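The first sequence maps to residues 42 to 312 in our numbering.
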Amino acid sequence: MPELPEVETTRKGISPAIVDQLVDSVVIRDYRLRWPISKALEQQLPGQTINSVDRRGKYLLLRTDTHCLIIHLGMSGHLRIVTPDTLVKKHDHVEIHFNNKLFLRYNAPRRFGAVLWTNQDPLKHERLIKLGVEPLTEKFTAELLYKNSRSRTVPVKSYIMNGSLVVGVGNIYACESLFLAGIDPRKAANSISLKRYQRLCDSIKLVLKQAIIAGGTTLKDFRKSDGKPGYFAQKLKVYGRTTEACVTCGRKIKSIMISQRNTFWCSACQR
DNA sequence: ACTTCGACCTGTTGGC
DNA sequence: TGCCAACAGGTCGAAG
């Protein structure tokens with residue numbers, strides 16, 4: 042479900058409710074995620090205060106003085122701030138109770154997500170250490186895309202979705218960015234010029250920024266941490282629009298599978 | 001070093 | 001109404 046804009050929207054949503062708040066208790070209702078939740082979490086987090094909520098790629102980092110809770114939402118997970126009277130639902134795996142009487146609740150129906158508890162620098166955690174650059178920083182450049190692509194024959198769409206190069210670009214925003222850049226998603230990564238990578242780099246930054254402003258994309262189940270939908274779905278130009286008219290040229294949007302992911306593009310506007 | 005593909009899960013949707 | 005297959009916003013790791 043969530044790509045960078047949805048995770049960032051979640052980060053902004055939960056921060057005000059939990060930063061500088063003392064944890065009373067932790068309730069784990071289902072330990073089964075991509076990796077089992079550590080028992081140490083429920084023993085060690087109570088009594089600690091959340092100092093900050095950061096994001097690295099699609100991971101959220103909740104830091105205390107000595108530890109960090111690393112959270113990934115997977116395909117279908119979400120975090121909500123709820124009051125104690127909010128009914129527990131199926132797949133509510135974890136709940137953190139704060140001194141301010143608010144709960145942070147983690148729900149993950151497909152269990153593709155992760156809740157990791159560590160006392161090391163989270164950026165050095167084995168799950169995060171190999172992540173690529175943040176797309177909304179000056180480290181993400183056309184030169185980076187170009188240089189690393191010279192030996193890569195994969196479709197450019199798969200290339201930009203590879204998190205060891207650049208993080209946060211998932212299926213929706215890969216499609217949208219390639220449309221904005223006018224690049225055919227099927228083209229080999231090593232066949233794209235530096236000039237066109239400049240356009241792609243700019244497009245990725247722009248699409249992600251606009252999606253964050255809109256509060257993310259709600260296709261079906263994504264909700265902001267207050268339960269309300271994000272509004273970027275209305276701005277999607279190609280994703281999910283197979284057979285509909287291209288907003289630029291009017292031709293029909295096509296779809297194909299690339300690396301087992303549905304891919305949407307306009308064959309007239311994207312070459 | 002790179003590519004491909006199956007695996008991990010549950011819920012929803014659409015066809016018959 | 002039920003059944004079943006296909007598909008969904010993401011990674012990971014094995015095998016070639």
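All C-beta atoms in this analysis are idealised placements derived from N, C-alpha and C, irrespective of residue type, glycine included. Keep in mind the model is a prediction, meaning the values are calculated, not measured.
Whether Arg193 touches Ala222 by CB criterion (8 Å): no
CA-CA distance, Pro196 and Thr127? 45 Å
How is Cys109 classed by DSSP in three states: helix, strand or coil? strand
What do you reckon, are the CB atoms on Ser218 and Ile245 nearer than 8 Å? yes
Report the rounded CA-to-CA distance for Ile253 versus Tyr214, giving the unit in angstroms. 12 Å
In terms of residue numbering, what span does the beta strand (DSSP E) encompassing Thr284 cover? Element bounds for Thr284: n/a, residue is neither H nor E.
Pairwise C-alpha distance: Ile294 and Thr78: In the sequence as displayed, the identity of residue 78 is Ile instead of Thr. C-alpha separation (whole angstroms): 42 Å.
Mark Gln311 as exposed unless 16 or more other C-beta atoms lie within 10 angstroms of its C-beta, in which case mark it buried. buried
In whole angstroms, what separates the C-alpha of Leu249 from that of Leu45? 7 Å
One or two residues paired with His119 in a DSSP bridge: Asn148
Inspect the CB distances between the segment 224 to 243 and the segment 177 to 184 and report whether three or more fall short of 8 Å. yes
For Ser266, collect the residues of the same chain with a Cβ closer than 7 Å to its Cβ; drop the 5 residues on either side in sequence, then sort them by chain order. Thr51, Gly54, Ile55, Leu120, Arg121, Ile122
Note down, in chain order, each residue of its chain lying with its Cβ closer than 7 Å to the Cβ of Glu296, except the 5 sequence neighbours on either side. Here residue 296 turns out to be Ser, not Glu, going by the sequence shown. Contacts found: Thr283, Asn303, Thr304, Phe305.
Bridge partners - Pro196, DSSP secondary structure assignment: Ala229
Taking its Cβ as the centre, do 16 or more other Cβ atoms sit within 10 Å of Val129, making it buried, or is it exposed? exposed
Alpha carbon of Glu136 to alpha carbon of Ile170, nearest angstrom: 27 Å
According to DSSP, is Asp95 helix, strand or coil? strand
Using beta-carbon positions only, say whether Asn160 and Asp65 come within less than 8 Å of one another. no
Just grab the DSSP bridge partners of Asn303 for me. Met298
With DSSP as the reference, label Thr66 as helix, strand or coil. The question names Thr, but residue 66 in the sequence shown is Ser. Three-state result, Ser66: strand.
Contacts around Arg191, its chain only, beta-carbon distance under 6 Å, and the 5 residues preceding and following it disregarded: Asn231
Going by DSSP in three states, Thr50 sits in which element: helix, strand or coil? helix
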